[in-house]
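What follows is one structure encoded as structure tokens, with my remarks underneath.
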Amino acid sequence: MGWAIALHGGAGNIPRSLPLERGKPREAAIRHCLQIGVDALKAHQSPLDVVELVVRELENHPNFNAGRGSVLTSHGTVEMEACIMDGNTKRCGAVSGLTTVKNAISLARLVMEKTPHIYLAFDGAEAFAREQGVEMLDPTHFITPENIERLKQAKEANRVQLDYTQPIKNVGDEIPVSEGDGQIG
Amino acid sequence: TVGCVAVDGHGNLATATSTGGFVNKMVGRIGDTPIVGAGTYANKFCAVSATGKGEAIIRGTIARDVAALMEYKGLSLKDAAKYVVEGAPSGTTGLIAVSAKGEVTMPLNTTGMYRACATEDGYTEVAIWAGE
């Protein structure tokens, strides 16, 4: 028995023709975050601390679909979700509908550790974040030009998009309209 | 969606998942992978974080099912995760998981999933597409 770690940056219809300039930064970020997690495990940090640390790093990376880089609702807003769970105790915390919290995963952990509940959402979650003094930012911080374009394409096609599914022009039209990789969930 | 699972040398497990959801999702939608038991779950057997189409992952209670197959049917981590992902609608689900014994697996039924893992014995893997 030894330590082990795994991480992901989202799944979907990632085209093998994905341009290097789009794929390489994500691959580099995955490697970077893996190393952060490995170093933390080697330093004997608890698995709970390690998963929070790594997910915070992924949230801060604009090429992934959480935190900065969060995809947009049909109204052009962000609504972020996060969940954390400890295996030994089954203690857990979750948040949904966040619009201003920089790192949703850390707020989820605070729900787990500072409340008698396991799930807070929308206004209640935002109020809890203010009460706990976590870092909060203007919602525009999370919105990237790439995701504004993805929303535009999704609206034109009248559909939702999963992580990395290629944008399509019309419903039923499987031909990608760009070399991009639209994000889904 | 992003996620991480980890186990230390004593078998302590944890999981975390975070997401912005779907592009063009309805305002007010709650329904992605960071829901306890659906896309995120850990107990004394394993820790799981899923990614993909949240609605399918919730319907399938993907993360909890992996743990349940290990606990109640005695499957290995790899077999339990493979069974659950293969049973989910095609193109909807990927997951990462570690067991209390330090095993790791990263199955998917989508075209790709940005993923990576490492273990104490020196094994490291970074991959994007299925079949890598």
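Quick note, the sequences are listed as chains A and B, same order.
What the first sequence shows, in our numbering, is residues 1 to 185, in sequence order.
What the second sequence shows, in our numbering, is residues 1001 to 1132, in sequence order.
No residue lacks a Cβ here, since even glycine has one placed at the ideal position from N, Cα and C.
Quantities reported herein were computed from a predicted structural model and do not represent experimental measurements.
Identity of the residue in the options nearest residue i by Cα
i: Tyr1072/B; options: Met1106/B, Asn1043/B, Gly1087/B, Gly1009/B; result: Asn1043/B
i: Ala1014/B; options: Gly1052/B, Tyr1123/B, Gly1122/B, Val1048/B; result: Val1048/B
i: Glu1103/B; options: Thr1033/B, Gly1122/B, Gly1028/B, Gly1039/B; result: Gly1122/B
i: Ala108/A; options: Asp49/A, Gly93/A, Thr100/A; result: Gly93/A
i: Pro47/A; options: Asn88/A, Glu59/A, Gly76/A; result: Asn88/A
i: Thr1092/B; options: Ala1127/B, Ala1068/B, Gly1054/B; result: Gly1054/B
i: Phe128/A; options: Val78/A, Lys114/A, Pro139/A, Glu21/A; result: Lys114/A
Nearest-angstrom beta carbon gap, residue j and residue i [assumed within contact, 8 Å]
i: Ser70/A; j: Gly1020/B; result: 3 Å
i: Met1106/B; j: Ala66/A; result: Their Cβ separation, rounded to whole angstroms, is 18 Å, which puts Met1106/B and Ala66/A out of contact at 8 Å.
i: Gly12/A; j: Gly1112/B; result: 7 Å
i: Val1002/B; j: Gly9/A; result: 5 Å
i: Ile1062/B; j: Ala1100/B; result: Actually they do not touch by this definition, with Cβ atoms about 19 Å apart.
i: Asn103/A; j: Arg56/A; result: 5 Å
i: Pro145/A; j: Val78/A; result: That belief does not hold up - the Cβ atoms of Pro145/A and Val78/A are roughly 14 Å apart, past 8 Å.
C-beta atoms of residue i and residue j nearer than 8 Å
i: Ala1097/B; j: Ala1081/B; result: yes
i: Arg68/A; j: His141/A; result: yes
i: Val1005/B; j: Ile118/A; result: no
i: Met85/A; j: Thr1040/B; result: yes
i: Gly76/A; j: Val54/A; result: no
i: Ala1130/B; j: Thr1124/B; result: no
i: Val95/A; j: Val111/A; result: yes
i: Leu1095/B; j: Tyr1083/B; result: no
i: Ala1050/B; j: Ile1057/B; result: yes
i: Val51/A; j: Ala1016/B; result: yes
i: Val1023/B; j: Gln35/A; result: no
i: Glu1120/B; j: Gly2/A; result: yes
i: Ser74/A; j: Met1070/B; result: no
Residues bridged to residue i [DSSP beta-bridge criterion]
i: Leu7/A; result: Cys1004/B, Ala1116/B
i: Gln161/A; result: Val1023/B
i: Met136/A; result: Val101/A
i: Asp86/A; result: Ala1014/B
i: Val1126/B; result: Ala1116/B
i: Leu72/A; result: The partner list for Leu72/A (beta bridge, DSSP) is empty, contrary to what the question assumes.
i: Val1036/B; result: Thr1040/B
i: Glu81/A; result: Thr1019/B
i: Ala1097/B; result: Val1048/B, Thr1105/B
i: Val1085/B; result: Answer is none; Val1085/B lacks a bridge partner.
i: Ala28/A; result: The partner list for Ala28/A (beta bridge, DSSP) is empty, contrary to what the question assumes.
Contacts of residue i in chain B (Cβ-Cβ under 9 Å)
i: Asn13/A; result: Gly1091, Thr1110, Thr1111, Gly1112
i: Thr77/A; result: Val1027
Contact set between residue i and chain A, taken where Cβ atoms lie within less than 7 Å
i: Tyr1140/B; result: The question about residue 1140/B has no answer, for chain B in this structure spans 1001 to 1132.
i: Pro1034/B; result: Glu81, Ala82, Cys83, Ala94
Proximal residues of chain B, C-beta to C-beta of residue i below 8 Å
i: Asp39/A; result: Simply none; closest approach about 10 Å.
7 Å Cβ cut-off: residues of chain B touching residue i
i: Val51/A; result: Cys1004, Val1005, Ala1006, Ala1014, Thr1015, Ala1016
i: Phe64/A; result: Val1002
i: Leu137/A; result: Neighbours of Leu137/A on chain B: none; closest Cβ ~14 Å, over 7 Å.
i: Ala189/A; result: This structure leaves residue 189/A out entirely; chain A is present only between 1 and 185.
Cross-chain neighbours of residue i in chain A, by beta carbon under 8 Å
i: Asp1121/B; result: Gly2
i: Glu1103/B; result: Ala4
i: Gly1094/B; result: His8, Ala11
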